[in-house]
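J.:
Protein chains: 2
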Amino acid sequence: MKRITLLLVAVVILAGIIAFTAPASLHADDSAAPIVVTKIPPGYRDWSLISVAHEEGNLHSFAAVLGNDVAIKAYREGKLPYPDGTIIAALHYGHVPSAENNKVFGQAQSFVAGAPTNIQFMVKDSTKYAATGGWGFAFFIDGKPAAPASMQSCFPCHNQAKASDLVFTHYAP
Amino acid sequence: MKRITLLLVAVVILAGIIAFTAPASLHADDSAAPIVVTKIPPGYRDWSLISVAHEEGNLHSFAAVLGNDVAIKAYREGKLPYPDGTIIAALHYGHVPSAENNKVFGQAQSFVAGAPTNIQFMVKDSTKYAATGGWGFAFFIDGKPAAPASMQSCFPCHNQAKASDLVFTHYAP
Numbered sequence: 314m315k316r317i318t319l320l321l322v323a324v325v326i327l328a329g330i331i332a333f334t335a336p337a338s339l340h341a342d343d344s345a346a347p348i349v350v351t352k353i354p355p356g357y358r359d360w361s362l363i364s365v366a367h368e369e370g371n372l373h374s375f376a377a378v379l380g381n382d383v384a385i386k387a388y389r390e391g392k393l394p395y396p397d398g399t400i401i402a403a404l405h406y407g408h409v410p411s412a413e414n415n416k417v418f419g420q421a422q423s424f425v426a427g428a429p430t431n432i433q434f435m436v437k438d439s440t441k442y443a444a445t446g447g448w449g450f451a452f453f454i455d456g457k458p459a460a461p462a463s464m465q466s467c468f469p470c471h472n473q474a475k476a477s478d479l480v481f482t483h484y485a486p
Numbered sequence: 314m315k316r317i318t319l320l321l322v323a324v325v326i327l328a329g330i331i332a333f334t335a336p337a338s339l340h341a342d343d344s345a346a347p348i349v350v351t352k353i354p355p356g357y358r359d360w361s362l363i364s365v366a367h368e369e370g371n372l373h374s375f376a377a378v379l380g381n382d383v384a385i386k387a388y389r390e391g392k393l394p395y396p397d398g399t400i401i402a403a404l405h406y407g408h409v410p411s412a413e414n415n416k417v418f419g420q421a422q423s424f425v426a427g428a429p430t431n432i433q434f435m436v437k438d439s440t441k442y443a444a445t446g447g448w449g450f451a452f453f454i455d456g457k458p459a460a461p462a463s464m465q466s467c468f469p470c471h472n473q474a475k476a477s478d479l480v481f482t483h484y485a486p
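Note that the protein sequences, when read in sequence, are chains A and B. With our numbering, you'll find the first sequence wraps up at 486, consecutive numbering, no jumps. With our numbering, you'll find the second sequence wraps up at 486, consecutive numbering, no jumps.
#1: Do the CB positions of Ile401 (chain B) and Ala421 (chain B) come within less than 8 Å of each other?
#2: Take the Cβ of Ile432 (chain B) as the centre, count every other Cβ of all protein chains shown within 10 Å, and call the residue buried at 16 or more, exposed below.
#3: Who pairs with Lys437 (chain A) in a beta bridge, going by DSSP?
#4: Between the C-alpha atoms of His405 (chain B) and Gly356 (chain B), what's the straight-line distance to the nearest angstrom?
#5: Within the 8 Å Cβ cut-off, does His405 (chain A) reach chain B?
#6: Is DSSP giving Val349 (chain B) helix, strand or coil here?
#7: Does the region 369 to 383 of chain B come into contact with the region 393 to 400 of chain B, if we say contact requires no fewer than three beta-carbon pairs (one atom in each stretch) closer than 8 Å?
#8: Nearest to Phe452 (chain A) by CA position, among A:Gly446, A:Val378, A:Thr445 and A:Ala403, is which residue?
#9: Provide the residue(s) that pair with Asn414 (chain B) in DSSP beta bridges, ordered along the chain.
#10: Can you tell which of B:Glu369, B:Gly391 and B:His373 has its C-alpha closest to the C-alpha of Asp487 (chain B)?
#11: Which value, in whole angstroms, describes the spacing of the CA atoms of Tyr484 (chain A) and Gln473 (chain B)?
#12: Please report the straight-line C-alpha distance between Val436 (chain B) and Ser463 (chain A), rounded to a whole angstrom.
#13: Between the alpha carbons of Ile363 (chain A) and Val349 (chain A), how many angstroms are there, rounded?
#14: What does DSSP give as the partner residue(s) for Phe468 (chain B) in the beta ladder?
#15: Taking a contact to mean a Cβ-Cβ separation below 8 Å, would you say Ala361 (chain A) touches Leu372 (chain A) in this structure?
#16: Around the Cβ of Asp419 (chain B), are there at least 16 other Cβ atoms within 10 angstroms (buried) or fewer (exposed)?
#17: By how many angstroms is the C-alpha of Pro486 (chain A) removed from the C-alpha of Pro429 (chain B)?
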């Protein structure tokens, strides 16, 4: 019995190591895709603000990053890792010039949120998502979940932010 | 008695016309400063998101625009004018590059909220703030209200957005 338990422990550890170290390219087919969240958490649009961001490069996007009550409490208390139940939402929009505001300012200087592009979520469940640092990743376009294959870069990318429990966004006071 | 009433009405109307049409420069001394809101509305940091903005020019700022429940309901229903009790908060931060994010992206493309610069509020009370389109304006730096003299540009500027009840920010879905 003891031998079986040890064997099981070894298998679990090994699986964890593989999940943590396997490059995204190893998961190129859907059957090996990471576990992802495919339901939009209800009420997210009412959540409080964590912070904002703006990406250039190929993105030209605004992000409004919101958190559920568990997330906001954890951010304000500055405790890591984030507790189970934490959900962080990144609402993305186009970063577009505002002709209306620029007219008032008398010069081209103002950018506002354009059409929504996608919504991303990180859901903390240290048991369910143990293989990806305790976080489940979600990505929605027009309310529909992205194909699992397109989600393979979420964890390897966020895993670079180990010092902040895989979360890039800092709280804006 | 009737004559006194009519005279009073005429004075009130005239005062209203002057308040609406007087350029900001006529209010250059504090004694003639517009009515402003000098207390930070409690709980504003928990309010829901209206939208985000980014100003260049001399500002280099991010805005996260939040609304209390009355504001969010009015925005979502698309009804104008905003009802009494509406409060809109614009939290401003520096628009600063993120070395941390750029490292992950492999190029300079990411901007995040830097230090907070100021918080502005618009408070709707069609009676109390009748002379300024029903809106009271507030501006805080480090939690302290700005001098009334510095507030004189709020109403003339917002008054250019008459079609949206003096509010510039549109709701981001």
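Just so it is clear, CB atoms sit at the ideal spot from N, CA and C, and this is done for glycine as well. Keep in mind that this is a model prediction, so the values were computed, not measured.
T.: In short:
#1: no
#2: buried
#3: Answer is A:Trp448.
#4: 17 Å
#5: no
#6: It is a strand residue.
#7: yes
#8: Just measuring C-alpha positions, the residue of A:Gly446, A:Val378, A:Thr445 and A:Ala403 sitting nearest Phe452 (chain A) is A:Ala403.
#9: Answer by DSSP bridge pairing: none, since Asn414 (chain B) is not bridged.
#10: Outside the shown range of chain B, which is 314 to 486, sits residue 487 (chain B), and nothing can be said about it.
#11: Separation of Tyr484 (chain A) and Gln473 (chain B) (C-alpha to C-alpha, rounded to the nearest whole angstrom) is 33 Å.
#12: 44 Å
#13: 23 Å
#14: In DSSP, Phe468 (chain B) forms no bridge with anything.
#15: For the sequence presented, residue 361 (chain A) should be read as Ser rather than Ala. Their beta carbons are not under 8 Å apart, which means Ser361 (chain A) does not touch Leu372 (chain A) by this criterion.
#16: Asp is not the amino acid found at residue 419 (chain B); the sequence shown has Gly there. Gly419 (chain B) is exposed by the Cβ-count criterion.
#17: So the two alpha carbons sit approximately 7 Å from each other.
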